[in-house]
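S.K.: In our numbering, the protein residues as written are 39 to 869.
From the three backbone atoms N, C-alpha and C, an ideal C-beta is built for every residue, glycine too.
In this text, all values refer to a predicted model and were calculated from it rather than measured experimentally.
Handing you this structure, nothing more for now.
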RNA sequence: GCCGAAGUGGCGGAAUUGGUAGACGCACACGACUCAAAAUCGUGCGGGAGCAAUCCCAUGAGAGUUCGAGUCUCUCCUUCGGCACCA
């Protein structure tokens, strides 16, 4: 019986402390008075009915260990928690189980919060938020009207992604690999009038900001690709025998002389105006067909199609007359939806010209090196080059049947012949600008954020349509526009309007300007808007006057550490940056980017495979609490490898951290009144130093390894002094919080271990007195000699050449050179 | 195709950033305890040669720089992530 009491019982210990931490508000800082703020944030969860999963657990823990470490280092740590509960995800699930989302969430949030509370995280439950509460979404709507007032929220009609299953439009960011991010069905193209946020106005700032931020490279690169900056020029083309003209965007103005035709997208405004009588029927038929194609069809079938418009344009640089074609390989949404085609030096134009027998004109010469490179790539055609000798330099161009996009030297280009592509780009654009025929321009792939959703479960868009006054924002004093609590009729209708459109007492209102009868907007905002600003609300979750307190924001922002899944790289993370920049421009804050440091946590694989319900290899955290306890589970996840990489979880492997926790627990018995051995003290101080360094670099895995080493050393000791053990327990508390807290109490302390000070290491103890001096001959290790740590070159040399093992390598040879690395090695270069 | 990250024992991964490759853990083997098993503790554990001391090979492949390369440079291969008819 007594035996049992002494046994490590993680479940009981963890339960006890998790409860006490919440009750005693151990981790609730005073935001106003805090002197040394540290804001640690994990992506707030969507409270799914399945409950906490291992991915949540991983991301939360990555933040949590840093929070605990910083708290021990004397910071006022704020690690808030809340619920991202609006949105299609919740609503679809509610539809599936036939319950209203509101009722369902009451239950799932209660469950989820119990789970997080029992996980022993240092969350501040005082500041909990929920995006579906009117106190929260009042401010989501407030953001909308602020952006509306500044022209950053606007309505426009355009072709949008319509998800037939979710029955709503989606933002471009929510189409992943051509399908709906939520339900994986193929979206249709629909022309609709919708609300947009002008994120494109921030394209350059979003891109530039990336340079300064401490974010995972993988995330930054995803954002860069999504923003898709390209520099080039706009060029005007006049239409022959017409007053019309159109502009094109190109990144290769140096190839302007090689333009042999132009292409307009089927949606281009000009097509109707310029089409010739003979071609009209064909053109109209083509436009109709192209319009019916979904993005997915386009993606799958990249075969070029198109039709001649019957009209011609004038190349501004050489007055050549070139045909204008209509083709859907030119996209309406990018640039002007019109291009100059240079088939010799653009692969898409090349393909099109081949198919429709359009002329090809080479204007770029390549040097020998580039020619050889292309020859290697394209061996079967390697004999079609034409040689041109230019100032004794060999230059080449292709005779036929090939297209190359490399930069080179210009020819067939009038006064620009001989210039490099780079120079020619500058000169040609200068000439165009001087003659008002074009200008330098930068384009981005990023498009404005469509935020209307034809759904029920979101904040209603705070807009009123008045016959007299037009589109009017709901005044701030009337916020929030409450989402009516519907028992029935909240399902998406699919008719292009949100279900609120049918709720008469919601829709009917008065115009805030003229007081006359008016209608509300029936759509709600995108769920990603709720989550684009939640971290601002945490610091003022109770504030009724303001979205957040500016003084507190100044103190607590930018956020010190943010961790979450990289699947949000271009969704959530881009939107948060945009909203933060907008806040900056509203004068609310003085910074542009909300997260100083972001780390993407990788995925957890089970035995090397992706987890999925169908495979039955899903890791349920609660199951492992039963088996090994949360302290061991969390440590194991972190121990598996460096942050940001995928990691393979195995049932056997987890025993490693379980054993570790148990060993630490068992050390308690050895605490005696005793003098500490020097070797133990040295290891302790080295461990403190090492853990500090690893935490600084967020190398949790090696920090744990160092603590394990210390544990192994202590396990071998008969007696451990209390002072050494206490220090060791404090530094272990970062990874084994409940266990450490329990030990701390048993050592006779009343206050929480997390209110203790991190022990300072003594650098004289942390560094070695004796080292193993490595002796190399010509860079190969030949001997290791124990020497004083501060041994100098002279003595090291003596030690080396008098070593018996070294003798045979230097006998009869000259020592040409000696390389000495202090505290490490001496290398004798002999011949 | 373009951009980014990565490739080290049977496995997850270390390596103070150019200085002892394989820390720590898992698995495995042997030993101690036990009537026995589990648990625990101890020892070993990249490959090859040798009784041994020791020597050779080895960080995806190949070259290079260097006294010295897992780390830097170039070329190539593979895997993963992002973008993709974006002019």
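Go ahead and label residue 770 buried or exposed: buried means 16 or more other beta carbons lie within 10 angstroms of its beta carbon, across all protein chains shown.
M.R.: Here residue 770 refers to the residue found at position 732 of the first chain. Around the beta carbon of residue 770, a 10 Å sphere encloses 16 or more other beta carbons of the protein chains shown; the residue is thus reported as buried.
S.K.: For residue 444, which residues of its own chain have a beta-carbon under 7 angstroms away from its beta-carbon, when the five flanking residues on both sides are left out?
M.R.: Translated into positions along the first chain, residue 444 becomes position 406. If we look at residue 444 and ignore the five residues flanking it on each side, its Cβ neighbours are 404, 408.
S.K.: Taking the C-alpha atoms as reference points, what is the distance between residue 610 and residue 425?
M.R.: Here residue 610 refers to the residue found at position 572 of the first chain. Here residue 425 refers to the residue found at position 387 of the first chain. Their Cα atoms are separated by approximately 54 angstroms.
S.K.: Applying the criterion that 16 or more other CB atoms from any shown protein chain within 10 Å of the CB defines a buried residue, is residue 314 buried or exposed?
M.R.: On the first chain, position 276 is the one that residue 314 refers to. Exposed: under 16 other Cβ atoms inside 10 Å.
S.K.: Touch check for the segment 637-651 and the segment 600-610: three-plus C-beta pairs under 8 angstroms?
M.R.: With the rule of 3 Cβ pairs closer than 8 angstroms, the segment 637-651 counts as touching the segment 600-610.
S.K.: Please state whether DSSP places residue 207 in a helix, a strand or coil.
M.R.: Within the first chain, numbered from 1, the residue matching residue 207 stands at position 169. In this structure, residue 207 counts as strand in the three-state DSSP scheme.
S.K.: Extract the residue ranges of the beta strand (DSSP E) inside the segment 552-638, only unbroken runs of 3 or more that lie entirely within it.
M.R.: 555-558, 599-603
S.K.: Assign residue 868 to one of three DSSP states: helix, strand, or coil.
M.R.: Locating residue 868 in the first chain gives position 830, counting from the first residue. Strand, per DSSP.
S.K.: According to DSSP, is residue 313 helix, strand or coil?
M.R.: As a position in the first chain, residue 313 is number 275, starting the count at 1. DSSP places residue 313 in coil when its eight states are reduced to three.
S.K.: For residue 740, write down the residues that DSSP places opposite it in a beta bridge.
M.R.: Position 702 of the first chain, counting from 1, holds the residue named residue 740. DSSP, once it has assigned bridges, lists no residue as partnering residue 740.
S.K.: Could you please give the first and the last residue of the uninterrupted alpha helix (DSSP H) stretch that includes residue 98?
M.R.: Locating residue 98 in the first chain gives position 60, counting from the first residue. Segment 92-110, the alpha helix (DSSP H) holding residue 98.
S.K.: Return the chain-ordered list of same chain residues with a C-beta closer than 6 angstroms to the C-beta of residue 153, the five sequence neighbours on each side being excluded.
M.R.: Numbered from 1 along the first chain, position 115 holds the residue referred to as residue 153. Only 89, 90 meet the Cβ criterion.
S.K.: Assuming residue 282 contacts residue 320 under a Cβ cut-off of 8 angstroms, what Cβ separation, rounded to an integer in Å, is found between them?
M.R.: Start at 1 with the first residue of the first chain, and residue 282 comes out as number 244. Start at 1 with the first residue of the first chain, and residue 320 comes out as number 282. Not confirmed; about 20 angstroms, so no contact.
S.K.: Can at least three beta-carbon pairs, one atom from the segment 516-527 and one from the segment 148-163, be found at a separation below 8 angstroms?
M.R.: no
S.K.: Do you know offhand how far residue 59's Cα is from residue 676's?
M.R.: Taking the first chain and counting its residues from 1, the one referred to as residue 59 is at position 21. Taking the first chain and counting its residues from 1, the one referred to as residue 676 is at position 638. Their backbone Cα atoms lie some 22 angstroms apart in a straight line.
S.K.: Looking only at its chain, what residues have a beta carbon closer than 6 angstroms to the beta carbon of residue 779, apart from the 5 residues adjacent to it on each side?
M.R.: For the purposes of this step, residue 779 is taken as the residue at position 741 of the first chain. Excluding residues within five positions, the ones whose Cβ falls inside 6 angstroms are 55, 791.
S.K.: Which residue from 467, 295, 236, 135 puts its Cα closest to that of residue 451?
M.R.: By 1-based counting over the first chain, the position of residue 451 is 413. Of 467, 295, 236, 135, the residue nearest in Cα terms is 295.
S.K.: In this structure, how does DSSP classify residue 46 when only helix, strand and coil are distinguished?
M.R.: For the purposes of this step, residue 46 is taken as the residue at position 8 of the first chain. Of the three classes helix, strand and coil, the one that applies to residue 46 here is coil, per DSSP.
S.K.: Can you look up residue 301 in the DSSP assignment and give me helix, strand or coil?
M.R.: Position 263 of the first chain, counted from the first residue, corresponds to residue 301. If DSSP states are grouped into helix, strand and coil, residue 301 belongs with the strands.
S.K.: Assign residue 746 to one of two classes, buried (16 or more other C-beta atoms within 10 Å of its C-beta) or exposed (fewer than that).
M.R.: For the purposes of this step, residue 746 is identified with residue 708 of the first chain, where counting begins at 1. By the C-beta density criterion, residue 746 is buried, having at least 16 other C-beta atoms within 10 angstroms.
S.K.: Residue 744: buried (16+ other C-beta within 10 angstroms of its C-beta) or exposed?
M.R.: For the purposes of this step, residue 744 is taken as residue 706 along the first chain, with counting starting at 1. It is buried - the Cβ of residue 744 has at least 16 other Cβ atoms within 10 Å.
S.K.: What three-state label does DSSP hand residue 113 in the structure shown?
M.R.: In the first chain, residue 113 corresponds to position 75, counting from 1. Coil, per DSSP.
S.K.: Provide the residue span of the beta strand (DSSP E) that contains residue 855, from first to last.
M.R.: Numbered from its first residue, the first chain carries residue 855 at position 817. Here the beta strand (DSSP E) through residue 855 covers 853-859.
S.K.: What residue from 672, 679, 709, 683 has the CA that sits closest to residue 696's CA?
M.R.: Indexing the first chain from 1 puts residue 696 at position 658. Of the candidates 672, 679, 709, 683, the one whose C-alpha sits nearest the C-alpha of residue 696 is 672.
S.K.: What alpha helix (DSSP H) runs, 4 residues minimum, are completely inside the segment 225-295?
M.R.: 241-250, 255-265
S.K.: In angstroms with no decimal places, state the Cα-to-Cα distance between residue 618 and residue 49.
M.R.: Counting from one through the first chain, the residue named residue 618 turns up at place 580. Counting from one through the first chain, the residue named residue 49 turns up at place 11. Taking the straight line joining both Cα atoms gives about 42 angstroms.
S.K.: Which of the three DSSP states is assigned to residue 192 in this structure?
M.R.: Taking the first residue of the first chain as 1, we reach residue 192 at position 154. Here DSSP, grouped into helix, strand and coil, assigns residue 192 to strand.
S.K.: Can you list, in chain order, the residues of its chain whose CB lies under 6 angstroms from that of residue 803, leaving out five sequence neighbours each side?
M.R.: Stepping through the first chain from its first residue, residue 803 is reached at position 765. Excluding the 5 residues flanking it on each side, residue 803 has same chain C-beta neighbours closer than 6 angstroms at 719, 720, 723, in chain order.
S.K.: Only counting the same chain, and skipping five residues up and downstream in sequence, which positions put a Cβ closer than 7 angstroms to that of residue 41?
M.R.: Residue mapping note: residue 41 aligns to position 3 of the first chain, counting from 1. Residue placement at residue 41 is poorly supported in this model, since its pLDDT is 40, which falls under 50; the coordinates still yield a value, given next. Cβ neighbours of residue 41 beyond the five flanking positions: none.
S.K.: Could you please give the first and the last residue of the uninterrupted alpha helix (DSSP H) stretch that includes residue 322?
M.R.: Here residue 322 refers to the residue found at position 284 of the first chain. Taken as a continuous stretch (DSSP letters only), the alpha helix (DSSP H) holding residue 322 covers 318-330.
S.K.: Classify residue 39 as buried or exposed, calling it buried when 16 or more other Cβ atoms lie within 10 Å of its own Cβ.
M.R.: For the purposes of this step, residue 39 is taken as residue 1 along the first chain, with counting starting at 1. Because the pLDDT of residue 39 is 31, which lies under 50, any placement of that residue in the model is unreliable, and the question is left without a value.
S.K.: For residue 269, count neighbouring Cβ atoms within 10 angstroms of its own Cβ and tell me buried if that reaches 16, exposed if not.
M.R.: The residue you call residue 269 lines up with position 231 of the first chain. Exposed, since its Cβ has fewer than 16 Cβ neighbours within 10 Å.
S.K.: Taking all protein chains shown into account, decide if residue 859 is buried (16 or more other Cβ within 10 angstroms of its Cβ) or exposed.
M.R.: Indexing the first chain from 1 puts residue 859 at position 821. Exposed, because fewer than 16 other Cβ atoms sit within 10 Å of the Cβ of residue 859.
S.K.: Under the assumption that residue 387 contacts residue 328 (Cβ atoms under 8 angstroms), give the Cβ distance between them as a whole number of angstroms.
M.R.: Taking the first chain and counting its residues from 1, the one referred to as residue 387 is at position 349. Taking the first chain and counting its residues from 1, the one referred to as residue 328 is at position 290. Residue 387 to residue 328, Cβ: 18 angstroms. No contact.
S.K.: Name the DSSP beta bridge partners of residue 434, please?
M.R.: Here the question's residue 434 lines up with position 396 in the first chain. Partner(s): 404, 425.
S.K.: Closest by CA to residue 750, which one among 698, 734, 763?
M.R.: As a working note, residue 750 is residue 712 in the first chain. The shortest Cα separation from residue 750 among 698, 734, 763 belongs to 698.
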